[in-house]
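Note sheet for the following structure.
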Amino acid sequence: MPPQSGFTRLEPLPPRGRVHVLGAGPVGLMITALLQPMEHLAVRLYEKRREYTRTRMVRLASYLVAESVESYRAGHFDAENIEAVFDPRELDESVAFRRSIPSDLMALLREWAVGFCPLNQIEQSLSDLIDARTSNPVHRTAAVVATEDLVAMLEPGDILLDCTGSKSLLRDQLVPGSSEVNGSANTLNIRFEYALVITFLYGQNYACNEVCKYEKNRENPHYKFIPMVHRTHYDGSISHVTGIVNISADDYEAMPTRFDGEWLRNNFPDVARSMDRFIEKIKQETHGEILGYLEIIRIPLNLYRARNATSREWRTAGPSDHPFARSPVFLLGDSAIGSPYFQSISLGFECVMFLAGLIAQRDASQDMLDRYESYIYKQWLRVYMQSKMIKNNKDLFQLLDDPFALLDKLHIY
Ligand SMILES: Cc1cc2nc3c(=O)[nH]c(=O)nc-3n(C[C@H](O)[C@H](O)[C@H](O)COP(=O)(O)OP(=O)(O)OC[C@H]3O[C@@H](n4cnc5c(N)ncnc54)[C@H](O)[C@@H]3O)c2cc1C
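Residue numbers for the sequence shown follow the numbering used here, beginning at 1057 and rising by one.
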């Protein structure tokens, strides 16, 4: 969209422009690590947590380290979506950007795209890498940042990157006046379902596929334990298994946030039976044992996006003294888009790479905001299509033993 007259002008970037990165989760750390080597920037990183304690195992997508467009499009559901949404030129640029990533950072990404890794290890490694670099040190602040702090500290030309996660600090303030009217005016949220995410370690090699999911759930009429193939990984001695059981909204409300297998057996025996039956069949087949405890959390599976992922609306609203009208604001990672089936870090890193490429061009113009909005929208379409496909397949899977209910759900033409 070309700039229109009457817009508040964005200040040109000063010789050494300040970039404020709010939140040092994986996404905030990744953008910091990419911007830090850029001589024209002074990066400031703000984080409220003192330690990285999230030990859940996560997997990053292989497209993050793709060396060609073909390998970028390797994902099962993803290939056609990518082709439909992105121009060939964009894909070329995306792959070319990967080649410019500093080697210390690329080595880490390659490691994380192979197997599983604890989330806090990703965070700690990125944090250590940033601190170990001798040139362009990053100014770090350990504090809870509030909107008022930002309004007070923003200087013309500063860039503000909101990486504060799913409860984003700024998402619903990017539309002038919206936060006073409706606290979620800038958020589109699609509630897919509620689920238990069950994680355990298993002492043998367990490889899952769709037939295995079906066979091992035959005696589970209602609740079904569904391992996530891409989150089940054998590291040579132990299998890390993560599965989901769909639950109702009432079940969800009646459960604590986090509990173990015993709690589930005592309080929701039907749900527990589906999980235990499934695990028993794994044991019969592969003669192994569960190591340690079952870790269970209940979560709503939400697919959401910020309708505006930048401060563009502040600028187009006309002349204003508000700092967001003069300094560009960008949402990154879970602040901008959240997907229910856990591709989120990779998606966040994708957007980080694109924005780092834009910032490298030293241009804080309206065009930069428009290009980022357009890119985020395309990533949204990609993740929306992929998530809908997975959800649809899951719904059909639940009905495999009931052909009429299955047919009713199909709606062909
Ligand atoms: C059970 C589970 C399993 C998952 N598995 C995977 C997986 O396998 N693969 C995957 O890609 N994703 C997975 N995810 C999702 C993934 O964890 C998130 O997408 C990712 O953590 C988002 O990163 P982020 O940096 O955008 O936000 P966050 O990780 O939420 O980080 C935000 C940071 O901002 C800080 N912060 C927030 N507000 C403020 C403030 N006001 N002032 C200062 N600091 C602030 C927070 O302390 C935090 O450090 C999983 C999620 C769950 C719940």
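Note that the Cβ used here is the ideal one computed from N, Cα and C, for glycine as well.
Cβ pair residue 1358, residue 1242 closer than 8 Å
Locating residue 1358 in the sequence shown gives position 302, where the first residue counts as 1. Locating residue 1242 in the sequence shown gives position 186, where the first residue counts as 1. Going by C-beta atoms, residue 1358 is not nearer than 8 Å to residue 1242.
- Is any heavy atom in ligand 1 found nearer than 7 Å to the beta carbon of residue 1102? Translated into the one-based positions of the sequence shown, residue 1102 becomes position 46. Correct: residue 1102 has its Cβ closer than 7 Å to ligand 1.
Review point. Is it right to say residue 1080 is buried, meaning 16 or more other beta carbons lie within 10 angstroms of its own, or is it exposed?
Key: For the purposes of this step, residue 1080 is identified with residue 24 of the sequence shown, where counting begins at 1. Buried is the call here.
Cβ-based neighbour list, residue 1089, same chain, cut-off 7 Å, excluding 5 preceding and 5 following: The residue you call residue 1089 lines up with position 33 of the sequence shown. These residues qualify, in order along the chain: 1161, 1182, 1185, 1186.
| Taking 7 Å as the cut-off, is the CB of residue 1187 close to at least one heavy atom of ligand 1? | Translated into the one-based positions of the sequence shown, residue 1187 becomes position 131. No, since every heavy atom of ligand 1 falls outside the 7 Å radius drawn around the Cβ of residue 1187.
Check your understanding: Roughly how many whole angstroms lie between the Cα atoms of residue 1461 and residue 1344?
Key -> Residue 1461 sits at position 405 when you count from the first residue of the sequence shown. Residue 1344 sits at position 288 when you count from the first residue of the sequence shown. Cα to Cα, the separation comes out at about 36 Å.
Original post:
Going straight from the alpha carbon of residue 1468 to that of residue 1434, what length do you get?
Top reply: Stepping through the sequence shown from its first residue, residue 1468 is reached at position 412. Stepping through the sequence shown from its first residue, residue 1434 is reached at position 378. Roughly 27 Å between the two C-alpha positions.
Q | Bounding residues of the alpha helix (DSSP H) (the contiguous stretch that carries residue 1107) | A | If you number the sequence shown from 1, residue 1107 lands on position 51. That residue, residue 1107, is in no alpha helix (DSSP H); it is neither H nor E in DSSP.
Handout entry: Bridge partners - residue 1394, DSSP secondary structure assignment
Key = Position 338 of the sequence shown, counted from the first residue, corresponds to residue 1394. According to DSSP, which records beta bridges pairwise, residue 1394 is partnered with 1360.
Are the beta-carbon atoms of residue 1374 and residue 1352 separated by less than 8 Å? In the sequence shown, the residue the question calls residue 1374 occupies position 318. In the sequence shown, the residue the question calls residue 1352 occupies position 296. It is not a contact, given that the beta carbons lie outside the stated cut-off.
Q) Cβ atoms of residue 1301 and residue 1263: under 8 Å apart, would you say? A) As a working note, residue 1263 is residue 207 in the sequence shown. As a working note, residue 1301 is residue 245 in the sequence shown. Against a cut-off of 8 Å, the Cβ pair of residue 1301 and residue 1263 comes out as no contact.
Evaluate contact between the stretch 1189-1202 and the stretch 1087-1106, counting only Cβ atoms and requiring at least three cross-stretch pairs below 8 Å. yes
**Report entry** Anticipated Cβ contact below 8 Å, residue 1384 with residue 1215, distance rounded
**Finding:** As a first step, residue 1384 must be located in the sequence shown, where it is residue number 328. As a first step, residue 1215 must be located in the sequence shown, where it is residue number 159. About 5 Å separates the Cβ atoms of residue 1384 and residue 1215, confirming a contact at the 8 Å cut-off.
Can you tell me which of the three DSSP states residue 1124 falls into?
-> Here the question's residue 1124 lines up with position 68 in the sequence shown. Residue 1124 falls in the coil class under three-state DSSP.
| message | Quick check: what's the CA-CA separation for residue 1151 versus residue 1140? | response | Numbered from 1 along the sequence shown, position 95 holds the residue referred to as residue 1151. Numbered from 1 along the sequence shown, position 84 holds the residue referred to as residue 1140. Near 17 Å, if we compare the C-alpha coordinates of residue 1140 and residue 1151.
Can you list, in chain order, the residues of its chain with a C-beta nearer than 8 Å to that of residue 1124? Leave out the 5 residues immediately preceding and following it. Taking the first residue of the sequence shown as 1, we reach residue 1124 at position 68. Cβ within range, chain order: 1151.
First and last residue of the uninterrupted alpha helix (DSSP H) at residue 1224 | Residue numbering aside, residue 1224 sits at position 168 when the sequence shown is read from its first letter. Where residue 1224 is concerned, there is no enclosing alpha helix (DSSP H), given that its DSSP letter is neither H nor E.
- Task: Out of 1211, 1204, 1207, 1117, point me to the one whose CA is closest to residue 1166's CA.
- Result: If you number the sequence shown from 1, residue 1166 lands on position 110. Cα-wise, what sits closest to residue 1166 is 1117.
- CB-CB under 6 Å to residue 1222, same chain, minus the five flanking residues each way: which ones, in chain order? In the sequence shown, the residue the question calls residue 1222 occupies position 166. Only 1390, 1394 meet the Cβ criterion.
Under 8 Å: do the stretch 1271-1278 and the stretch 1331-1338 share three or more Cβ pairs, one atom per stretch? Yes: the two stretches touch, three or more of their Cβ pairs being nearer than 8 Å.
**Message:** Taking 7 Å as the cut-off, is the C-beta of residue 1375 nearer than that to any heavy atom in ligand 1?
**Reply:** By 1-based counting over the sequence shown, the position of residue 1375 is 319. Not one heavy atom of ligand 1 is found less than 7 Å from the C-beta of residue 1375.
| Is it the case that the CB of residue 1220 approaches a heavy atom of ligand 1 more closely than 7 Å? | Position 164 of the sequence shown, counted from the start, is the residue given in the question as residue 1220. At least one heavy atom of ligand 1 is nearer than 7 Å to the Cβ of residue 1220, so yes.
| With DSSP run on the structure shown, which of helix, strand or coil describes residue 1189? | As a first step, residue 1189 is located in the sequence shown; it is residue number 133 there, counting from the start. Of the three classes helix, strand and coil, the one that applies to residue 1189 here is coil, per DSSP.
### Query
Once you ignore the five residues that flank residue 1145 on each side, which residues in its own chain have a CB closer than 7 Å to its CB?
By 1-based counting over the sequence shown, the position of residue 1145 is 89. Within the same chain, no Cβ atom closer than 7 Å to the Cβ of residue 1145 is found once the five residues on either side in sequence are excluded.
Enumerate in chain order the residues of its own chain whose CB-to-CB distance from residue 1189 is below 7 Å, with the five nearest sequence positions on each side excluded. Along the sequence shown, one-based indexing puts residue 1189 at 133. If we look at residue 1189 and ignore the five residues flanking it on each side, its Cβ neighbours are 1092.
Residues bridged to residue 1295 [DSSP beta-bridge criterion]: Within the sequence shown, numbered from 1, the residue matching residue 1295 stands at position 239. Paired residue(s): 1258, 1290.
Does the separation of the CB atoms of residue 1153 and residue 1409 fall below 8 Å? One-based indexing of the sequence shown puts residue 1153 at position 97. One-based indexing of the sequence shown puts residue 1409 at position 353. Cβ atoms of residue 1153 and residue 1409: closer than 8 Å.
Own chain partners of residue 1361 with C-beta closer than 6 Å, once the 5 adjacent residues on each side are dropped: Start at 1 with the first residue of the sequence shown, and residue 1361 comes out as number 305. Same-chain partners within the cutoff: 1244, 1393, 1436.
- Query: Any heavy atom of ligand 1 within a distance shorter than 7 Å of the CB on residue 1200?
  - Reply: Numbered from its first residue, the sequence shown carries residue 1200 at position 144. Yes, ligand 1 has a heavy atom inside 7 Å of this Cβ.
Checklist entry - Which whole-angstrom value is the C-beta distance of residue 1283 and residue 1259, which I expect to be below 8 Å? => result One-based indexing of the sequence shown puts residue 1283 at position 227. One-based indexing of the sequence shown puts residue 1259 at position 203. Going by Cβ atoms, the distance from residue 1283 to residue 1259 rounds to 16 Å, so no, they are not a contact pair.
Roughly how many whole angstroms lie between the Cα atoms of residue 1256 and residue 1120?
One-based indexing of the sequence shown puts residue 1256 at position 200. One-based indexing of the sequence shown puts residue 1120 at position 64. Cα to Cα, the separation comes out at about 27 Å.
Original post:
Excluding the five sequence neighbours on either side, which residues of its own chain have a C-beta within less than 8 Å of the C-beta of residue 1060, listed in chain order?
Top reply: By one-based count along the sequence shown, residue 1060 stands at place 4. Low local confidence applies: a pLDDT of 37 at residue 1060 is under 50, so the model's placement there is unreliable, with the coordinate-based value given in what follows. These residues qualify, in order along the chain: 1372.
### Query
Cβ of residue 1324 within 7 Å of any heavy atom in ligand 3?
In the structure on display, ligand 3 does not appear, and the ligands it does have are ligand 1.
(message) Could you pull the DSSP bridge partners for residue 1469 from this structure?
(response) Here the question's residue 1469 lines up with position 413 in the sequence shown. None; residue 1469 has no bridge partner.
Check your understanding: Three-state secondary structure (DSSP) at residue 1317?
Key -> Looking up residue 1317 in the sequence shown gives position 261. Residue state, collapsed to three classes: helix.
I need the straight-line Cα distance from residue 1348 to residue 1311, nearest angstrom please.
Taking the first residue of the sequence shown as position 1, residue 1348 is located at position 292. Taking the first residue of the sequence shown as position 1, residue 1311 is located at position 255. So the alpha carbons of these two residues sit roughly 22 Å apart.
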